[in-house]
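Note that our numbering has the sequence shown beginning at 1, numbered continuously upward. For each residue, glycine too, the CB sits at the ideal point set by N, CA and C. No experiment lies behind these values; they were computed from the predicted model shown. Worksheet for the structure shown next.
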Amino acid sequence: MYVGYVNERCVKLGNYLVANKATVRKVAAEFGISKSTVHKDVTEILKRVDIDLYLEVKQVLDQNKQERHLRGGEATRRKYAGGARS
Numbered sequence: 001m002y003v004g005y006v007n008e009r010c011v012k013l014g015n016y017l018v019a020n021k022a023t024v025r026k027v028a029a030e031f032g033i034s035k036s037t038v039h040k041d042v043t044e045i046l047k048r049v050d051i052d053l054y055l056e057v058k059q060v061l062d063q064n065k066q067e068r069h070l071r072g073g074e075a076t077r078r079k080y081a082g083g084a085r086s
């Protein structure tokens, strides 16, 4: 029973990630589970459960990884934009 639940969760997480082009953090927040669990589910377990969905997820995760430095820079800019002093 536990294996079936995990497999079902992996597919749900993968579908959500692909449909929303979401980050692992966003998926974790949406489903109320840890980033580690999401990452393990969509990168390791999903590969054995649904290879086609896994390949789609991998494309989104690879794109997120390429854009990571841009999102980090934007977050830093927003953080200091309101508190800039002369």
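- Message: Check whether the segment 38 to 55 and the segment 3 to 21 touch, using three or more Cβ-Cβ pairs below 8 Å as the test.
- Response: yes
- Item | Whole-number beta carbon distance between Val24 and Lys35, since they are thought to touch under 8 Å | 5 Å
- With distances taken Cα to Cα, identify the nearest neighbour of Lys58 among Gly73, Gly14, Thr37, Val49. Gly14
- Simplified DSSP assignment, three categories, for Ser34: coil
- Message: Whole angstroms are fine: how far does the CA of Val49 sit from the CA of Lys21?
- Response: 20 Å
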